[in-house]
Amino acid sequence: MQDIETVFRAPTVPELSSQQRLMLWGIRHWVRATLSGVDPSQGLEAAFQRFGVQNGAARIGLLMAAAVSVWPEPFRVAPPCCRQPVTTDEHTVLRVLALAGRGSDRGP
Numbered sequence: 887m888q889d890i891e892t893v894f895r896a897p898t899v900p901e902l903s904s905q906q907r908l909m910l911w912g913i914r915h916w917v918r919a920t921l922s923g924v925d926p927s928q929g930l931e932a933a934f935q936r937f938g939v940q941n942g943a944a945r946i947g948l949l950m951a952a953a954v955s956v957w958p959e960p961f962r963v964a965p966p967c968c969r970q971p972v973t974t975d976e977h978t979v980l981r982v983l984a985l986a987g988r989g990s991d992r993g994p
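Residue numbers (the numbering used here): 887 to 994.
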């Protein structure tokens, strides 16, 4: 059995799958653009379309707007092109997306 620190340890960017890296980049880009007062949708949509993801910007926008509206403190992200470890907040959102992607409503 794994200890709690191992289970909840945030991965480094190279440890993520290509889908997770794309989502992480989208999350980071959305937060940085939004904080700068820039509409992130055009840059996000172009990037997601390059990877064959339709409506990616709208999906990230809805997800992040919901997440930051209920987050108990400021949402922490690393810069979009940073390879440092994933923040705890980013890791939480990636885990939620992974669970949602499994189609399970039973929880972890």
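From the three backbone atoms N, C-alpha and C, an ideal C-beta is built for every residue, glycine too. Quantities reported herein were computed from a predicted structural model and do not represent experimental measurements.
Separation of GLN928 and GLN905 (C-alpha to C-alpha, rounded to the nearest whole angstrom) is 20 Å.
Assigned with DSSP and collapsed to three states, PRO900 falls in helix. Burial is judged here by how many other beta carbons sit within 10 angstroms of a residue's own beta carbon; GLU976 has at least 16 and is buried.
Between the beta-carbon of ALA964 and that of ARG914 there is about 6 Å, and that keeps the pair under the 8 Å contact cut.
Residue state for ARG945 is assigned as helix, using DSSP reduced to three classes.
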